[in-house]
Structure formats: C-alpha cells, structure tokens
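*Asks:* The structure under discussion is supplied below as structure tokens; questions concerning it will follow.
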Amino acid sequence: MKKTVYSMCFMCSIRCPIQVQVENGQVKWVQGNPHVAGIDGSLCPKGAAGTALLYDDQRLQTPMIRDGERGAGQWRTASWDEALDYVAERLKGVTDTYGGKSVAFFERTNLSTHVSKTFLKAIGSPNHFTHDALCKGSVNTACRSLFGYTDAQMGMQYDKAKHIVLYGRNMFEAVAVKEVNNLMTALDNGAKMTYIDPRVTVTATKASRYWMIRPGTDLALNYALMHVILKERLYDAAFVERWVSGLSELQDFVRSCTPEWAEAETGIAADQIVALAREVSKDKPSVIFHFGYRGAHHENEIYLRRSILILNVLMGAIETPGGLFFKKGPGAVDGTAARKLTEQKLPKVEAARADGAGGKDLPLPDPAHGVPQLLIDAILTEKPYPVKALFINRFDALKSIPDTQRTKEAFKKLDLIVCIDVNFSDSAWYADVILPESTYFERTDCVQQANGLKPQMFLRPQAIPPIHDTREAAIILRQLADRMGIAQYFPYTTMEELVAWQLEGTGFTMKDFEAKGFVAYGKNQIFWDRMNGLKIKTPSGKIELHSSLLENAGYPSFPPYVPVARPQGDQFRLVVGRVAAHTHVSTQNNPYLSELFPTNTLWINTQRAAALGIKDGQDVQVGSGVGTGTIKAYVTDLIHPEAVFMVHGFGHEARRATRCFEKGVSDSVLQESITDLVGGSPALHDTFVTVKPAQA
Ligand SMILES: Nc1nc2c(c(=O)[nH]1)N[C@H]1C(S)=C(S)[C@@H](COP(=O)(O)OP(=O)(O)OC[C@H]3O[C@@H](n4cnc5c(=O)[nH]c(N)nc54)[C@H](O)[C@@H]3O)O[C@H]1N2
Ligand SMILES: Nc1nc2c(c(=O)[nH]1)N[C@H]1C(S)=C(S)[C@@H](COP(=O)(O)OP(=O)(O)OC[C@H]3O[C@@H](n4cnc5c(=O)[nH]c(N)nc54)[C@H](O)[C@@H]3O)O[C@H]1N2
Ligand code: SF4
Ligand SMILES: [Mo]
C-alpha cells in the first residue's frame with residue numbers, strides 16, 4: 005500500500021511544508037511540498053534526515069520515571085497510566101502546598117501551545133514560557149515600540165527586494181527553506197546583498213559586500229547610516245512625512261554619529277558606510293534591512309533592533325513589494341481563523357508572573373511569552389513566590405538558557421520536573437518523569453494558521469501510526485487534565501476531534517487539506533495602500549521613532565551610545581551561531597546529522613592564536629566566569645581578532661544519546677545570564693572568555 009501525505013517538517017520549528025511517501029506503513033521518502041511556491045520540492049539537510057529521527061533506536065520510546073538521583077540516568081519504564089497518575093499526584097501535592105502559580109511550563113512555541121497555555125490557566129498559573137524571549141524577545145519589543153505589532157505579525161518579501169542587508173543573519177546556514185529560495189531568486193534577479201558579521205560565513209561568501217565588523221558595534225554602524233541618510237536627505241520623504249513621528253528627534257540624536265565616529269568603533273571604513281547609505285537609497289523602497297535574529301546580542305539589544313527597523317522606515321520599505329509587510333489574517337478577506345482552546349472562557353489567573361514580564365519592574369517583554377532566563381532567578385530566590393513544578397516540552401532548558409550550572413541549581417529547588425520530548429535531551433536526563441511524544445510523522449497536530457500576504461492554513465496529519473509507546477503532547481495534557489479535574493476545558497479525546505473543533509466555523513474540514521497540505525483564504529497577495537491604508541497600531545497611529553511604549557515605561561527612545569568594551573589581554577568575546585546540518589540542541593544525536601557534523605570547534609583568529617601558542621586542531625581550554633570546557637581550535641583568518649566563535653548545541657550530557665554524548669562544548673555552560681531588561685532577550689554575546697592550550 006502506497007500513499008502520499010502532505011504534512012509539515014518538524015526537524016526545526018520553521019515547519020516547512022513537506023510531501024511524505026508512505027509504503028506499507030513505512031516512511032520511504034520525504035521532500036518539500038511541490039505545491040507550495042518558494043518550497044517547490046526542496047528541503048534542508050535536517051529535513052532530509054527526518055526519517056533518521058523516526059527510525060532512531062535511541063529516541064524516547066516509552067514513559068519513564070526516575071529511579072535514582074536526578075541526572076544519574078537511572079530510569080524505570082512505566083505505562084502511560086502509571087506515569088500520568090504519578091505526575092498528577094505529585095502536581096497536586098505542589099499545588100496544594102504552594103498554589104497553582106507554583107507550576108511553570110517551558111516550551112518552544114509550537115502548534116499545541118494553545119493547549120499548554122490552557123492547561124496552565126486552568127490550574128491557576130500565569131507561568132507559561134515560550135522560547136521566544138531567548139530567540140528574539142527584543143526584536144518583538146522593538147517592533148511593538150515602532151509599529152504596535154509584534155515581529156511575528158511582520159514579514160519580509162525577499163524575492164522582490166533589490167538590496168538586502170544582513171546583520172549576522174546567516175541565511176544560507178541558519179536556514180528557512182522558503183526564505184533561502186526567495187533570497188536566491190532575488191540574487192538571480194540582480195539584487196545586491198550586504199552581509200555584516202565578525203565571521204566569514206557561507207552567506208558572507210555570497211554577498212556583494214561583506215564587512216567584518218567589530219563584534220557588538222552594529223548599533224554604531226546604524227546610527228552612522230542614519231546620519232548620512234538624514235544629512236543627504238536620502239530617505240523616502242513622502243512616506244516619512246505621511247507615517248513617521250519623531251524624525252526631528254532622530255535627526256538631533258544622530259547628528260554627532262558621523263561615519264568617521266562609527267569607523268573608530270566598528271572598524272568599517274567611513275567612505276564605505278557612506279557608499280552603502282547612498283546605494284540602498286537608490287533601490288528604495290525595495291530594500292530590506294533584516295531585523296532578526298541572532299547577530300549582536302547585548303544588554304541594549306532593543307536599541308539595535310529598533311535601529312535596523314528605523315532604517316527600513318527611512319527607506320519607506322514598509323508594506324511594499326521587496327520590503328517589510330504586515331501579515332494579513334483571514335479577517336482581511338472576511339474569513340474565519342481556526343479556533344484555539346485559549347479562546348474559551350477560562351478561569352482568571354490572579355497571580356503575577358514569576359519572571360515579572362508585563363509587571364512594573366519588567367513592563368515591556370511580552371508576557372505572552374515570558375522571559376525564561378528570569379524564571380531561573382525566581383526559582384532560585386523563591387521571589388516573588390516559590391515555583392516548585394516545571395513542565396518542559398519541546399525545549400531543552402539546560403542547553404538553551406545561558407549558564408547551565410545556574411539552571412541546574414534551580415532544578416534542585418524543584419519538587420517535580422516533567423519533560424515531554426522525542427529525544428534524550430539534557431533536560432530529559434535531569435527530569436523526574438519523561439513523557440515521550442510521537443514524532444511529527446506519527447501524530448496529527450493542531451492547525452497552523454499561516455498569516456502573511458496571503459492568509460492560509462496548513463495541517464500536519466499523521467503519516468504513520470506511532471512505532472513506539474508514544475503520544476501527542478496535546479493528548480498527554482488532555483489526559484493529565486482529566487486527572488487534575490480540569491477536563492472541561494479540553495473538548496476532545498483525539499487529535500482529529502481537536503482539529504475538527506478548531507476548524508468549526510472556518511468553512512474548511514480536515515479533508516480539504518489532503519490534496520495539497522494547505523488551504524488558502526484567497527488568491528491574491530494583500531498589500532495595504534502605502535500612502536493611505538496602513539493600520540499602524542501605536543497610540544498615535546504613526547510609526548513612532550519617539551516611542552510612547554518605551555517612554556511611558558520610563559525608557560528613553562534614544563539613549564546615548566555606550567562604546568562597546570574591548571576584551572583585554574588574553575580575553576575574547578564569545579559569539580555563537582548555527583550550522584546548516586543541525587537544529588539548535590536537538591539534532592546532534594541524529595544518526596545522519598551526527599555523521600555530517602559530529603562536533604563543534606572554536607574559531608579563533610590566526611594572529612591571536614599564534615600569540616597564545618595555539619595551533620589549528622589543538623585542544624584548548626576555554627573558560628568564562630561561569631564555566632569551562634575543552635574544545636578543538638579552528639585557527640582561521642576568517643574571524644575578527646576580538647571574537648571566538650562556536651556552533652551552539654554541543655556538549656550533551658545525556659549518556660543514552662551516545663552519538664553526541666560529550667562531543668564538543670555547550671555555549672550555555674560558558675555564557676553568563678545577562679538580560680536586556682527593556683526588550684527581554686538574553687545578552688548571549690556579552691560574555692568574555694579566555695582561551696589557552698589544554699593541559700595534555
Ligand atoms: N540550520 C539551522 N537553521 C536555523 C536554525 C537552526 O537551529 N539550524 N534555527 C532557526 C532559528 S530559531 C533562528 S533564531 C535563526 C537564526 O538565524 P541567524 O540569526 O542567522 O543565526 P545564527 O547562526 O545564530 O547567526 C548569528 C551570526 O551572527 C554573527 N554575529 C555574532 N556577533 C555579531 C555582531 O556583533 N554583529 C553581527 N553583525 N553579527 C554577529 C555570528 O558570527 C553568526 O554568524 O535560524 C533559524 N534557522
Ligand atoms: N546558549 C544559547 N542559548 C540559546 C541559543 C543560542 O544560540 N545559544 N539560541 C536561542 C534560540 S534562537 C532559540 S530559537 C532557542 C531554541 O531552544 P530549544 O527549543 O530548546 O531548542 P531546539 O533544539 O529547537 O529544541 C529543543 C528540544 O525539542 C525537542 N524536540 C524536537 N522535536 C520534538 C517534538 O516533536 N516533540 C517534542 N515534545 N520535542 C521535540 C528536541 O529533542 C530538543 O530536546 O534557544 C535559544 N537559546
Ligand atoms: S528548515 Fe529544514 S529542518 Fe526546518 S522545517 Fe524546514 S526543512 Fe525542516
Ligand atoms: Mo530562534
């Protein structure tokens with residue numbers, strides 16, 4: 005029996021549409037969904053390795069309950085009933101003693117996030133956290149400060165752009181398939197690409213202009229670009245006049261930020277900065293200054309992200325082909341969105357969030373996502389109140405939150421840690437109970453509402469039944485809800501029932517997704533009228549350079565620039581990033597991908613290495629104020645002398661994940677937990693490390 009199933013990849017959370025070929029209950033082939041423009045059959049290496057996850061004998065296969073010290077790796081397997089009863093009993097113990105608010109839930113935003121949010125609200129806790137702040141918290145806040153929209157409500161149309169400027173947005177290695185394809189279309193059509201990174205990445209090699217910037221100084225570069233654009237009146241005057249407030253304040257602010265001033269800070273020649281400003285202005289408004297994601301990460305990141313967005317605004321690159329746009333939902337074409345459980349009438353949660361997001365001391369980070377790294381402080385100090393139970397789903401707190409040692413200390417204060425995963429993650433290794441989820445081939449998921457220029461919905465239906473004793477997270481939570489006496493908020497017992505409930509009133513059914521994997525609400529791309537029809541959601545209805553969101557919270561819109569500290573002596577700034585063959589911390593044990601890219605190395609500048617007596621391929625010891633590790637040096641001219649670089653995601657501690665166990669070093673062990681308290685992001689590049697040859 006052969007069948008074709010249209011679904012969505014989940015080797016990372018981009019969720020590229022895929023086509024799955026199934027033969028006699030086995031997944032034989034996976035490729036990109038050929039019906040989706042921009043995907044056209046393509047997949048990235050991780051997507052292609054999806055079947056290796058599915059058939060991996062080292063993935064989680066049955067519920068397990070800890071049977072020894074935390075982290076000792078002693079487990080007994082359990083039936084689902086036993087595991088769920090155990091969790092429910094322990095959870096009730098915690099909520100009876102400390103109240104519902106003492107339960108927290110960490111997850112990477114996923115299609116079932118509305119289910120876990122509902123679960124938490126129903127037990128009376130405000131402490132739901134997504135990965136969002138760790139990824140782009142300050143991007144979110146910066147977008148809201150200017151437009152009143154979150155970053156998730158905005159997009160970029162690469163294929164029509166004439167010039168794309170990337171601040172460490174390493175698009176050819178930190179991949180989203182559709183974006184890469186669209187970028188290649190733009191380049192084929194003659195678009196220019198400026199790439200700025202202290203390190204020569206694959207994207208750098210494809211760029212028309214590459215700048216090896218001094219790490220952390222992109223903000224100075226941007227202020228100088230604005231200086232030139234405003235002084236030479238290179239901006240889109242009609243757009244700015246119509247939609248922007250605060251221009252004169254910006255003008256005053258950047259008057260002293262000359263290209264020469266920026267050259268001293270960034271290492272980029274002043275005449276080159278002027279040249280870029282003039283070049284992009286010729287291509288406006290089809291210009292994109294990419295506002296994400298992982299480039300420079302410092303305590304003032306919010307201001308960097310704002311500066312990038314402001315450059316787009318000055319180019320008039322808003323709601324225009326080849327620029328930034330606001331995503332349109334079904335409402336834009338009189339359609340109805342899929343329902344979410346969170347839209348039900350749920351109990352009101354009185355308690356404030358434990359991390360403080362949205363409260364008076366941390367007003368701006370989005371409370372819809374929280375700030376995970378600050379929950380760690382709350383657990384450690386028991387302030388503002390004790391948090392004693394933690395659910396971790398599709399997230400690895402020990403590897404994805406800076407300062408692993410501190411996170412481990414926080415774990416010690418918890419009475420219950422439950423981990424839902426597909427792999428033996430490090431967080432699973434330190435959990436009390438492991439609840440294995442079915443992989444994306446084996447489960448039906450909640451509906452994806454894909455807003456954009458054309459509103460659509462995508463579905464991930466089950467391609468094959470579960471191979472092992474695993475379940476879907478939304479079903480696991482439903483079954484726990486039964487045991488916690490909150491089942492009334494979960495009107496389903498199977499995923500198919502949940503999807504049907506979501507689709508009620510939309511005019512679509514599950515069957516409608518079978519032919520192509522998605523349904524569209526309309527045929528045409530929707531752009532609002534750029535001169536009369538923008539729906540800017542700030543209090544003034546204008547794009548606010550002088551931001552009422554910031555100012556009302558007591559923060560300046562344009563704080564004075566603080567020069568970036570230079571590492572002293574044998575210090576380096578630790579910068580990190582991704583590689584095409586791996587997803588963050590989750591694919592290092594994949595049978596194919598572990599072979600393709602088995603471990604990380606430490607990129608170090610040739611001259612600096614020579615001065616320290618470090619040779620290429622040699623083991624070096626790298627240490628920060630919070631941790632150390634031993635890793636092989638990769639000595640190269642392709643990195644700025646002030647920085648060392650490592651790929652994020654290695655240094656796994658879970659012994660049962662044998663292919664990646666103890667391979668390389670985890671950046672989280674080295675990074676100090678420092679937060680941009682205005683925007684919410686962790687300052688992942690604010691840690692200095694020292695590097696020396698390792699002792700034999
Ligand atoms: N293969 C793969 N693709 C992915 C992911 C994945 O895990 N694997 N994850 C997805 C996710 S969630 C995200 S957020 C995106 C991330 O996408 P990117 O933001 O493109 O990701 P990174 O690889 O983290 O790139 C960070 C780059 O910034 C550079 N950098 C460091 N400091 C500075 C600085 O001061 N200035 C500048 N200009 N650059 C600096 C680093 O050298 C590095 O090359 O990728 C997405 N795509
Ligand atoms: N130190 C440091 N921290 C970082 C970053 C960094 O560069 N350095 N990057 C930040 C960024 S940009 C992001 S987006 C976050 C990402 O942080 P995470 O979400 O923690 O990272 P991932 O590797 O995407 O996934 C984590 C877990 O999801 C599990 N998983 C995979 N598929 C499934 C599934 O189908 N079901 C379930 N239940 N689990 C599954 C994996 O096995 C893995 O354990 O990390 C952030 N934190
Ligand atoms: S980018 Fe790659 S791994 Fe991520 S969803 Fe797309 S194909 Fe899968
Ligand atoms: Mo991310």
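Numbering (the numbering used here), first residue to last: 5 to 700. In this text, a Cβ means the ideal position worked out from N, Cα and C, and glycines have one as well.
Quick one: is the Cβ of LEU350 within less than 7 Å of any heavy atom of ligand 5?
*Replies:* Ligand 5 is not among the ligands present in this structure, which contains only ligand 1, ligand 2, ligand 3 and ligand 4.
*Asks:* I want to know whether the segment 50–62 touches the segment 31–38 - three or more CB-CB distances under 8 Å.
*Replies:* Three or more beta-carbon pairs separated by less than 8 Å link the segment 50–62 to the segment 31–38, which places the two stretches in contact.
*Asks:* Taking C-beta to C-beta, are LEU484 and VAL91 nearer than 8 Å?
*Replies:* On the sequence shown, position 480 is the one that residue 484 refers to. On the sequence shown, position 87 is the one that residue 91 refers to. The answer is yes: Cβ separation under 8 Å.
*Asks:* Going by CA-CA distance only, name the one from LEU507, VAL426, GLY509 and ILE468 that's closest to ALA477.
*Replies:* Indexing the sequence shown from 1 puts residue 477 at position 473. Ranking the options by Cα distance to ALA477, first place goes to VAL426.
*Asks:* Got a sec, what are the start and stop residues for the alpha helix (DSSP H) LYS125 sits in?
*Replies:* Along the sequence shown, one-based indexing puts residue 125 at 121. Looking at the DSSP string, the run of the alpha helix (DSSP H) that includes LYS125 is 117–126.
*Asks:* Taking the Cβ atom as the reference point for each residue, do LEU187 and TYR162 lie within a distance shorter than 8 Å?
*Replies:* Indexing the sequence shown from 1 puts residue 187 at position 183. Indexing the sequence shown from 1 puts residue 162 at position 158. The answer is yes: Cβ separation under 8 Å.
*Asks:* Taking one C-beta from the segment 509–525 and one from the segment 338–345 each time, how about it: are there three or more such pairs within less than 8 Å?
*Replies:* The segment 338–345 and the segment 509–525 touch, with three or more beta-carbon pairs separated by less than 8 Å.
*Asks:* Go ahead and label MET216 buried or exposed: buried means 16 or more other beta carbons lie within 10 angstroms of its beta carbon, across all protein chains shown.
*Replies:* What you label residue 216 is simply residue 212 of the sequence shown in a count that begins at 1. Flag for MET216 reads buried.
*Asks:* Tell me the DSSP secondary structure of GLN377 in three-state form.
*Replies:* Translated into positions along the sequence shown, residue 377 becomes position 373. Note: GLN377 maps to helix in three-state DSSP.
*Asks:* MET488 lies in the alpha helix (DSSP H); which residues open and close that run?
*Replies:* Against the sequence shown, residue 488 aligns to sequence position 484. Note, MET488: alpha helix (DSSP H), 477–488.
*Asks:* Within this structure, are the beta carbons of LEU124 and CYS450 separated by less than 8 Å?
*Replies:* Here residue 124 refers to the residue found at position 120 of the sequence shown. Here residue 450 refers to the residue found at position 446 of the sequence shown. Contact: no.
*Asks:* Determine the extent of the alpha helix (DSSP H) in which LEU58 is found, giving its start and end residues.
*Replies:* Against the sequence shown, residue 58 aligns to sequence position 54. According to the DSSP assignment, LEU58 belongs to the alpha helix (DSSP H) that extends over 54–58.
*Asks:* Going by the C-beta, is ARG612 closer than 7 Å to any heavy atom of ligand 1?
*Replies:* The count along the sequence shown starts at 1 and reaches residue 612 at position 608. The answer is no for ARG612.
*Asks:* Please report the straight-line C-alpha distance between ALA613 and VAL639, rounded to a whole angstrom.
*Replies:* Counting from one through the sequence shown, the residue named residue 613 turns up at place 609. Counting from one through the sequence shown, the residue named residue 639 turns up at place 635. Taking the straight line joining both Cα atoms gives about 7 Å.
*Asks:* Among residues of its own chain, excluding the 5 on either side of ARG237, which ones have a beta-carbon nearer than 6 Å to its beta-carbon?
*Replies:* Within the sequence shown, the letter at position 233 stands for residue 237. Taken in chain order, the list of residues that qualify is empty.
*Asks:* Please list the terminal residues of the continuous beta strand (DSSP E) segment that includes VAL291.
*Replies:* Residue 291 sits at position 287 when you count from the first residue of the sequence shown. 291–293 is the extent of the beta strand (DSSP E) around VAL291.
*Asks:* Can you find at least 3 beta carbon pairs, one from the segment 347–362 and one from the segment 268–285, that sit closer than 8 Å?
*Replies:* no
*Asks:* With hydrogens ignored, establish whether the beta-carbon of ASP201 is closer than 7 Å to any heavy atom of ligand 1.
*Replies:* Position 197 of the sequence shown, counting from 1, holds the residue named residue 201. Under cutoff, so the answer is yes.
*Asks:* Would you tell me roughly how many angstroms separate the C-alpha atoms of LEU616 and ASP574, rounded to the nearest one?
*Replies:* Mapped onto the sequence shown, residue 616 falls at position 612. Mapped onto the sequence shown, residue 574 falls at position 570. The straight-line gap from Cα to Cα measures roughly 8 Å.
*Asks:* Tell me the DSSP secondary structure of ASN186 in three-state form.
*Replies:* What you label residue 186 is simply residue 182 of the sequence shown in a count that begins at 1. Helix.
*Asks:* Could you round the C-beta distance between ASN455 and LYS332 to whole angstroms and report it? I think they count as a contact, below 8 Å.
*Replies:* Numbered from its first residue, the sequence shown carries residue 455 at position 451. Numbered from its first residue, the sequence shown carries residue 332 at position 328. With 8 Å as the limit, ASN455 and LYS332 qualify as a contact, their Cβ atoms being about 6 Å apart.
*Asks:* Output the distance between the C-alpha atoms of LYS105 and GLY629, rounded to the nearest integer angstrom.
*Replies:* For the purposes of this step, residue 105 is identified with residue 101 of the sequence shown, where counting begins at 1. For the purposes of this step, residue 629 is identified with residue 625 of the sequence shown, where counting begins at 1. So the alpha carbons of these two residues sit roughly 33 Å apart.
*Asks:* If the criterion is Cβ atoms closer than 8 Å, does the pair LEU394 and ILE421 meet it?
*Replies:* Your numbering for residue 394 matches position 390 in the sequence shown. Your numbering for residue 421 matches position 417 in the sequence shown. For LEU394 and ILE421, yes; Cβs fall inside 8 Å.
*Asks:* Just to confirm, does CYS450 get its C-beta within under 7 Å of one of the non-hydrogen atoms of ligand 2?
*Replies:* Along the sequence shown, one-based indexing puts residue 450 at 446. The answer is no for CYS450.
*Asks:* Alpha carbon to alpha carbon, how far is VAL244 from GLN466?
*Replies:* In the sequence shown, counting from the first residue as 1, residue 244 sits at position 240. In the sequence shown, counting from the first residue as 1, residue 466 sits at position 462. So the two alpha carbons sit approximately 49 Å from each other.
*Asks:* How should ARG659 be labelled, buried or exposed, when 16 other C-beta atoms within 10 angstroms of its C-beta is the threshold for buried?
*Replies:* To locate residue 659, count along the sequence shown from 1; it is residue 655. That one is exposed.
*Asks:* Under DSSP, the alpha helix (DSSP H) around LYS619 begins and ends at which residues?
*Replies:* The count along the sequence shown starts at 1 and reaches residue 619 at position 615. Per DSSP, LYS619 belongs to no alpha helix (DSSP H) and is neither H nor E.
*Asks:* Excluding the five sequence neighbours on either side, which residues of its own chain have a C-beta within less than 6 Å of the C-beta of SER672, listed in chain order?
*Replies:* Locating residue 672 in the sequence shown gives position 668, counting from the first residue. Once the five neighbours on either side are set aside, the close Cβ partners of SER672 are LYS403, PRO406 and THR408.
*Asks:* Ligand 3 and VAL651: does the residue's C-beta get closer than 7 Å to at least one heavy atom of that ligand?
*Replies:* Translated into the one-based positions of the sequence shown, residue 651 becomes position 647. Residue side-chain check: VAL651 keeps its Cβ at 7 Å or more from all non-hydrogen atoms of ligand 3.
*Asks:* Any heavy atom of ligand 1 closer than 7 Å to the CB of GLU177?
*Replies:* Locating residue 177 in the sequence shown gives position 173, where the first residue counts as 1. Yes - ligand 1 has a heavy atom lying nearer than 7 Å to the Cβ of GLU177.
*Asks:* Checking 8 Å against the spacing of the C-beta atoms, do MET319 and TYR239 come in under that value?
*Replies:* Along the sequence shown, read from residue 1 onward, the residue named residue 319 stands at position 315. Along the sequence shown, read from residue 1 onward, the residue named residue 239 stands at position 235. Their beta carbons are under 8 Å apart, which means MET319 touches TYR239 by this criterion.
*Asks:* Would you identify the three-state DSSP class for LEU225, choosing helix, strand or coil?
*Replies:* Position 221 of the sequence shown holds residue 225. LEU225: helix per DSSP, three-state reduction.
*Asks:* Report back the beta-carbon spacing between ALA373 and ALA137 to the nearest angstrom; my notes put them in contact at under 8 Å.
*Replies:* Along the sequence shown, read from residue 1 onward, the residue named residue 373 stands at position 369. Along the sequence shown, read from residue 1 onward, the residue named residue 137 stands at position 133. According to the sequence displayed, residue 373 carries His and not Ala. About 6 Å separates the two Cβ atoms, so the contact holds.
*Asks:* Roughly how many whole angstroms lie between the Cα atoms of ASP400 and LYS539?
*Replies:* One-based indexing of the sequence shown puts residue 400 at position 396. One-based indexing of the sequence shown puts residue 539 at position 535. Answer to the nearest angstrom: the Cα atoms are 38 Å apart.
*Asks:* Any heavy atom of ligand 2 inside 7 Å of the beta-carbon of GLU441?
*Replies:* In the sequence shown, the residue the question calls residue 441 occupies position 437. Checking every heavy atom of ligand 2 against the Cβ of GLU441, one is found closer than 7 Å.
*Asks:* Would you list the one or two residues that DSSP bridges to GLU27?
*Replies:* Along the sequence shown, one-based indexing puts residue 27 at 23. Answer by DSSP bridge pairing, in chain order: LYS6 and GLN30.
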